[in-house]
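A.B. asks: Numbering-wise, this note's numbering comes out as the position in the sequence shown, counting from 1, plus 56. Ideal Cβ placement from N, Cα and C applies to all residues, glycine included. Because the structure is a prediction, the values reported are computed rather than measured.
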Amino acid sequence: MREMEITLGHTPDADDAFMFYGFACGAVGSSRFAIKHVIQDIETLNKRALAHELDATAVSAHAYAYLKDYVILRGGGSFGLKYGPVVIARKDKGMTLDGLKDATIAIPGRMTSANLLLKLAIGKFREKEMSFEAIPQAVLTGEVDAGLVIHEAQITYDKTKFAGIMELGQWWDSQTGGLPVPLGINVASARTMDRGQLKEFSDLFVKSIEYGLDNIDASVDYAMQYSRGQPKETIKKFVLMYVNEITRDMGPEGRKAIEKMFSMACERRILESDVRVDVI
Numbered sequence: 057m058r059e060m061e062i063t064l065g066h067t068p069d070a071d072d073a074f075m076f077y078g079f080a081c082g083a084v085g086s087s088r089f090a091i092k093h094v095i096q097d098i099e100t101l102n103k104r105a106l107a108h109e110l111d112a113t114a115v116s117a118h119a120y121a122y123l124k125d126y127v128i129l130r131g132g133g134s135f136g137l138k139y140g141p142v143v144i145a146r147k148d149k150g151m152t153l154d155g156l157k158d159a160t161i162a163i164p165g166r167m168t169s170a171n172l173l174l175k176l177a178i179g180k181f182r183e184k185e186m187s188f189e190a191i192p193q194a195v196l197t198g199e200v201d202a203g204l205v206i207h208e209a210q211i212t213y214d215k216t217k218f219a220g221i222m223e224l225g226q227w228w229d230s231q232t233g234g235l236p237v238p239l240g241i242n243v244a245s246a247r248t249m250d251r252g253q254l255k256e257f258s259d260l261f262v263k264s265i266e267y268g269l270d271n272i273d274a275s276v277d278y279a280m281q282y283s284r285g286q287p288k289e290t291i292k293k294f295v296l297m298y299v300n301e302i303t304r305d306m307g308p309e310g311r312k313a314i315e316k317m318f319s320m321a322c323e324r325r326i327l328e329s330d331v332r333v334d335v336i
């Protein structure tokens, strides 16, 4: 049987690397699929999925609202459990939660889930889009009043220089009765794969995640190539925050969390219509 080449997008981040380690090291594979890895930042992957350039890819949960002919894979989701993106400001500026509504806030991409969550929490605000890596420095220099930090910066930002103004994971938890925070998901194309192939690929991806969880030290070692200078213990902590049981299979709770985010966005007219969530 001839292999089907699958372009598989993921980010240069430790948690994604951990999940894809099973594929990357050759421990997980299939005679049905030849996987070609595409590694780019999350907002670039969001835009490429919008153009339907990839067979399967990590995307922001928010971005799914704008995609056509992609289904959500049950595995690979990044969900916070009472934690998530954080809004930071310079400690010496005395920024308050109420002050965010009149602030210029750096965001890591318009289609990121972090951006949608912040809009749900505080309404419209002046935003400045930039690379997630540049946000702390932009806050420090005064280019922006506050910054929305994602990835490991959620736990590594310098607390001697920055104040955490809002923790969106805690806000979401209080608003939804404890649903997990939907941040990243993986999707696959219903144009290039039929329903049977989508199910087979979804199951294969779960095996890669399980391999990482069963071989944590080796998987974290592999993920360290995307550590951005952080020590191994910090990367391991971050990875295991976002690669957990709900990553293995989002189940009803994960699906409900995504649906809740979209219904709230629709109610508040951030999205024009509610979104049908198709998980395989």
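Mind checking P236: buried by the 16 CB within 10 Å criterion, or exposed?
C.D. replies: Stepping through the sequence shown from its first residue, residue 236 is reached at position 180. The residue is buried, with at least 16 neighbouring Cβ atoms inside 10 Å.
A.B. asks: In this structure, does DSSP put V276 in helix, strand or coil?
C.D. replies: Here residue 276 corresponds to residue number 220 of the sequence shown, with the count starting at 1. DSSP places V276 in helix when its eight states are reduced to three.
A.B. asks: With three or more C-beta pairs closer than 8 Å as the rule, is the region 119–131 touching the region 295–313?
C.D. replies: Segments in contact, yes.
A.B. asks: Grab me the residues of T248's own chain with a C-beta within less than 6 Å of its C-beta, minus the 5 sequence neighbours each way, in chain order.
C.D. replies: For this step, residue 248 is matched to residue 192 along the sequence shown. These residues qualify, in order along the chain: D111.
A.B. asks: Between Q286, E109, K316, which has its C-alpha nearest T232's C-alpha?
C.D. replies: Working through the sequence shown from its first residue, we reach residue 232 at position 176. Residue K316 is the option with its Cα nearest to T232.
A.B. asks: Indicate the three-state DSSP secondary structure (helix, strand or coil) for Y126 in the structure shown.
C.D. replies: Locating residue 126 in the sequence shown gives position 70, where the first residue counts as 1. Three-state DSSP puts Y126 in a strand.
A.B. asks: Take every Cβ of the region 252–272, pair it with every Cβ of the region 95–102, and state whether three or more of those distances are shorter than 8 Å.
C.D. replies: As far as the Cβ criterion goes, the region 252–272 does not touch the region 95–102, which means the pair count is below three.
A.B. asks: Give a yes or no on contact between the region 183–203 and the region 155–171, applying the rule of three or more CB pairs nearer than 8 Å.
C.D. replies: Result yes; three or more Cβ-Cβ pairs closer than 8 Å.
A.B. asks: When you compare the CB positions of I291 and E199, do they come within less than 8 Å of one another, or not?
C.D. replies: For this step, residue 291 is matched to residue 235 along the sequence shown. For this step, residue 199 is matched to residue 143 along the sequence shown. The answer is no: Cβ separation not under 8 Å.
A.B. asks: Is the beta carbon of A73 sitting closer than 8 Å to the one on Y278?
C.D. replies: Your numbering for residue 73 matches position 17 in the sequence shown. Your numbering for residue 278 matches position 222 in the sequence shown. It is a contact, given that the beta carbons lie within the stated cut-off.
A.B. asks: Taking 8 Å as the cut-off, decide whether the C-beta atoms of V295 and A83 are in contact.
C.D. replies: Along the sequence shown, read from residue 1 onward, the residue named residue 295 stands at position 239. Along the sequence shown, read from residue 1 onward, the residue named residue 83 stands at position 27. No, they are not a contact pair.
A.B. asks: So, are the CB atoms of G140 and L173 less than 8 Å apart?
C.D. replies: Here residue 140 corresponds to residue number 84 of the sequence shown, with the count starting at 1. Here residue 173 corresponds to residue number 117 of the sequence shown, with the count starting at 1. Yes. Within cutoff.
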